[in-house]
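One structure is given here, and the rest of the page talks about it.
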Amino acid sequence: GESVGLHLPTLSVQEGDNSIINCAYSNSASDYFIWYKQESGKGPQFIIDIRSNMDKRQGQRVTVLLNKTVKHLSLQIAATQPGDSAVYFCAENMGYSGAGSYQLTFGKGTKLSVIP
Amino acid sequence: DGGITQSPKYLFRKEGQNVTLSCEQNLNHDAMYWYRQDPGQGLRLIYYSQIVNDFQKGDIAEGYSVSREKKESFPLTVTSAQKNPTAFYLCASTLSGVDGIQPQHFGDGTRLSIL
Numbered sequence: 017g018e019s020v021g022l023h024l025p026t027l028s029v030q031e032g033d034n035s036i037i038n039c040a041y042s043n044s045a046s047d048y049f050i051w052y053k054q055e056s057g058k059g060p061q062f063i064i065d066i067r068s069n070m071d072k073r074q075g076q077r078v079t080v081l082l083n084k085t086v087k088h089l090s091l092q093i094a095a096t097q098p099g100d101s102a103v104y105f106c107a108e109n110m111g112y113s114g115a116g117s118y119q120l121t122f123g124k125g126t127k128l129s130v131i132p
Numbered sequence: 225d226g227g228i229t230q231s232p233k234y235l236f237r238k239e240g241q242n243v244t245l246s247c248e249q250n251l252n253h254d255a256m257y258w259y260r261q262d263p264g265q266g267l268r269l270i271y272y273s274q275i276v277n278d279f280q281k282g283d284i285a286e287g288y289s290v291s292r293e294k295k296e297s298f299p300l301t302v303t304s305a306q307k308n309p310t311a312f313y314l315c316a317s318t319l320s321g322v323d324g325i326q327p328q329h330f331g332d333g334t335r336l337s338i339l
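From first to last, the protein sequence lines stand for chains A and B. If you count by my numbering, then the first sequence holds residues 17 to 132, one letter each, in order. If you count by my numbering, then the second sequence holds residues 225 to 339, one letter each, in order.
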């Protein structure tokens, strides 16, 4: 889930287990959602995105689920590896105009720690 | 290979000084963005630009300025009016016009500190 202040929520997972990171988004009009992974000292790395006309999308070892009824987004990582340790952010966009640029609103992030 | 290059990686600012952060992309992306990240926080949008010679304020534009003279480049100036500039600054870009909305891709950031 999302944090308040400087203390990120932390999820600790045993290597090889599945991870589920949750995100509650704020705007019911949001129509595009995206997950990023950020390692220490680096920029966010795109993982997967989903549009509001879908409720599930799968990538390589990752699945994003969207529940518009309760404004909830989750990222599932299968067979979690030590290299998955990072901070994960969800972000939402409200009403893409088609003009090209758009604004993302970011959550505060969840720290995933993988125990070898 | 293609990507977004931010420089310098670390930057120090003295009181009353303006500093400029560089962002260059060779992805042929149209739109570019600047974000600020504070410790334990998500990213907040400073400015964004859809095309050359056009840019828009984001949520926290006060104390910052930008220019977009070339498609590949979107430098950010942190002015002396920005009283709390210490943060991690991230530049992003995105392709536009193809198959609807496209994900934003980020550089590796510039960490700015006050001397």
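Think of the CB as a built atom: it goes at the ideal place given N, C-alpha and C, for glycine as much as any other residue.
Inter-residue Cα distance where the pair is residue i and residue j
i, j, result
"SER113/A", "SER28/A", "39 Å"
"LEU245/B", "GLN265/B", "21 Å"
"ASN43/A", "ASN83/A", "13 Å"
"GLY333/B", "LYS58/A", "7 Å"
"GLU18/A", "SER101/A", "Low confidence applies to GLU18/A: its pLDDT is 41, below 50, so where it sits in the model is not reliable, and the reading given next is rough at best. About 17 Å."
"GLU296/B", "ASN250/B", "6 Å"
"GLY227/B", "ARG292/B", "18 Å"
"LEU336/B", "ALA311/B", "6 Å"
"GLY240/B", "SER289/B", "15 Å"
"LEU24/A", "LEU89/A", "17 Å"
"TYR52/A", "LYS233/B", "21 Å"
"ALA316/B", "GLY123/A", "17 Å"
"ALA115/A", "VAL86/A", "29 Å"
"ILE325/B", "SER117/A", "8 Å"
"PRO60/A", "ILE37/A", "16 Å"
Contact check, residue i vs residue j, beta carbons under 9 Å
i, j, result
"ARG268/B", "GLN274/B", "no"
"GLY282/B", "TYR313/B", "no"
"ASN109/A", "ILE50/A", "yes"
"PHE62/A", "HIS253/B", "no"
"LEU81/A", "GLN97/A", "no"
Where residue i meets chain A, residues with beta-carbon distance less than 9 Å
i, result
"GLN249/B", "In chain order: nothing, as chain A lies at least about 12 Å away."
"ASP254/B", "GLY116, SER117"
Strand pairing of residue i, partner residues [DSSP]
i, result
"LEU339/B", "DSSP, once it has assigned bridges, lists no residue as partnering LEU339/B."
"HIS253/B", "Its beta-bridge partners do not exist; DSSP assigns none."
"LYS127/A", "THR26/A, VAL103/A"
Chain A contact residues for residue i, given Cβ-Cβ distances below 8 Å
i, result
"SER320/B", "ALA115, GLY116, SER117"
"PRO327/B", "ILE50, PHE62, ASP65"
Contact list for residue i against chain B, beta-carbon separation under 8 Å
i, result
"LEU27/A", "Simply none; closest approach about 15 Å."
"LYS124/A", "GLY264, GLN265, GLY266"
Contact list for residue i against chain B, beta-carbon separation under 7 Å
i, result
"LYS87/A", "Chain B residues near LYS87/A: none, gap ~17 Å exceeds 7 Å."
Discussion item. List, from N- to C-terminal side, the alpha helix (DSSP H) runs of 4 residues or more that fit wholly inside the segment 255-331 of chain B.
Written reply: Fully enclosed alpha helix (DSSP H) runs of 4 or longer: not present.
Worksheet item: Unbroken beta strand (DSSP E) runs of length 3 or more, entirely within the segment 33-116 of chain A: which are they?
Response: If one requires a minimum length of 3 residues, the beta strand (DSSP E) runs lying completely within the segment 33-116 of chain A are 35-40, 46-54, 61-67, 72-74, 78-83, 88-93, 102-110, in chain order.
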